[in-house]
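The structure appears below as structure tokens.
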Amino acid sequence: MSNLIKVTVKLFAAYQETCGVSEVALHLPEGAIVAQVRDRLLEQYPALEQWREVTRFGLNLQFVEPDAVLQDGDEVVLIPPVSGG
Amino acid sequence: MNPIAALSPISSPSTADHFAITFAPLSFEEVYALADDPANGAVVLMSGMVRNQTGGRTVVALEYQAYEPMAIAVFKQIAQEVRQTWSDVTHVVIHHRTGRLSIGEISVLVAIGCPHRAEAFAACQYAIDALKQNAPIWKKEWYNEQEYSWVKCC
Numbered sequence: 013m014s015n016l017i018k019v020t021v022k023l024f025a026a027y028q029e030t031c032g033v034s035e036v037a038l039h040l041p042e043g044a045i046v047a048q049v050r051d052r053l054l055e056q057y058p059a060l061e062q063w064r065e066v067t068r069f070g071l072n073l074q075f076v077e078p079d080a081v082l083q084d085g086d087e088v089v090l091i092p093p094v095s096g097g
Numbered sequence: 010m011n012p013i014a015a016l017s018p019i020s021s022p023s024t025a026d027h028f029a030i031t032f033a034p035l036s037f038e039e040v041y042a043l044a045d046d047p048a049n050g051a052v053v054l055m056s057g058m059v060r061n062q063t064g065g066r067t068v069v070a071l072e073y074q075a076y077e078p079m080a081i082a083v084f085k086q087i088a089q090e091v092r093q094t095w096s097d098v099t100h101v102v103i104h105h106r107t108g109r110l111s112i113g114e115i116s117v118l119v120a121i122g123c124p125h126r127a128e129a130f131a132a133c134q135y136a137i138d139a140l141k142q143n144a145p146i147w148k149k150e151w152y153n154e155q156e157y158s159w160v161k162c163c
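Protein chains in written order, with the numbering used here: chain A, 13 to 97; chain B, 10 to 163.
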């Protein structure tokens, strides 16, 4: 049986509004990838499904690919389409 | 100690650049001053503000949210890329605002100091385009007191 890691997930824009919070803590199996964070939230909040394909991922303040492997204590951000400026 | 050397400090890119994300209004004068330099022949300062409509639909306000530490990291990355392409750039200054802004308020200021104007224009355009594409900043458009939507692209 594998151990669990704990990551902090920062939520913004539609994610924050749908989840009602700006941050959640998730426990995931060791070796989990960043895309699983999105999948876990979408399971819980199906209304977010429309953002699945357009969400990018940040890991400890850097953009990463969906298959980036998570470590215990990481800070993840789900990045729906940005619109700064 | 060589007195000439003491008069000509070489500023590193990190100290020559300035990045900020603020809830308070942005200052045009401050951003200009941060890009000012005796080596400049030009400063190009791009100001982005809240427009009163989008695609023909009335907009009454914009509400900005930022993931601040990552947005600042992206601003630094943009400055690095600017300096790789236009090595004469003296200063890269990027300030962005958060919170609810009314029509006409400034949401972003990008200033580039450079010995020559052509590079300053090109670098400034690159910087604002890269910011819009990659900075983790989001805006909600308010169409009236009840209706809004998160902007899906820029």
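Here a beta-carbon is modelled for each residue, glycine too, at the ideal position from N, C-alpha and C.
Remember, predicted model here, so these are calculated numbers, not experimental data.
Asked	Found
Which same chain residues, not among the five before or five after I115 of chain B, have their C-beta less than 6 Å away from its C-beta?	L35, S56 and M58
Cβ atoms of V98 of chain B and C4 of chain B: under 8 Å apart, would you say?	Beyond the ends of chain B as shown, which are 10 and 163, falls residue 4 of chain B; an answer cannot be given.
Looking only at DSSP bridge pairs, what is S158 of chain B linked to?	B:E150
Consider the Cβ of P18 of chain B: report whether some Cβ of chain A lies at a distance smaller than 8 Å.	Here P18 of chain B scores only 44 on pLDDT, less than 50, and its place in the model is too uncertain to base an answer on.
Using 8 Å as the threshold, is the region 69 to 84 of chain B in touch with the region 57 to 76 of chain A, meaning 3 or more CB pairs across them?	yes
Taking any Cβ of chain B, which residues in the region 57 to 80 of chain A have a Cβ under 8 Å from it, in chain order?	V66, G70, L73, Q74 and F75
List the residues of chain A whose Cβ lies closer than 7 Å to the Cβ of M79 of chain B, in chain order.	G70, L73 and V89
To the nearest angstrom, how far is the alpha carbon of E90 of chain B from that of A129 of chain B?	14 Å
Which residues does DSSP list as the beta-bridge partners of K18 of chain A?	A:H39
Quick one: is T96 of chain A near chain B, going by C-beta distance under 8 Å?	The sequence shown places Gly at residue 96 of chain A, rather than the Thr named in the question. Closer than 8 Å: yes.
Give, in chain order, every residue of the region 137 to 159 of chain B whose Cβ lies closer than 8 Å to some Cβ of chain A.	I137, L140, K141, Q142, N143, A144, P145, I146, W147, K148, K149 and W159
What three-state label does DSSP hand F130 of chain B in the structure shown?	helix
Per DSSP, which one or two residues make a beta bridge with H105 of chain B?	B:I30 and B:V117
Quick check on the DSSP output: what are the complete alpha helix (DSSP H) runs of length 4 or more inside the region 35 to 101 of chain B, in order along the chain?	37 to 44 and 77 to 94
I think F69 of chain A touches A59 of chain A, with their Cβ atoms under 8 Å apart; what is that distance to the nearest whole Å?	Not really, about 20 Å apart at Cβ, beyond 8 Å.
Report the rounded CA-to-CA distance for S17 of chain B versus L118 of chain B, giving the unit in angstroms.	Only weak support exists for where S17 of chain B lies, its pLDDT of 42 falling under 50; the value from the coordinates is given anyway. Distance between the alpha carbons of S17 of chain B and L118 of chain B: 29 Å.
What is the residue span of the alpha helix (DSSP H) that E56 of chain A lies within?	The identity of residue 56 of chain A in the sequence shown is Gln, whereas the question assumes Glu. That run of the alpha helix (DSSP H) goes A47 to Q56.
Which first and last residues belong to the beta strand (DSSP E) in which Q74 of chain A is found?	Q74 to V76
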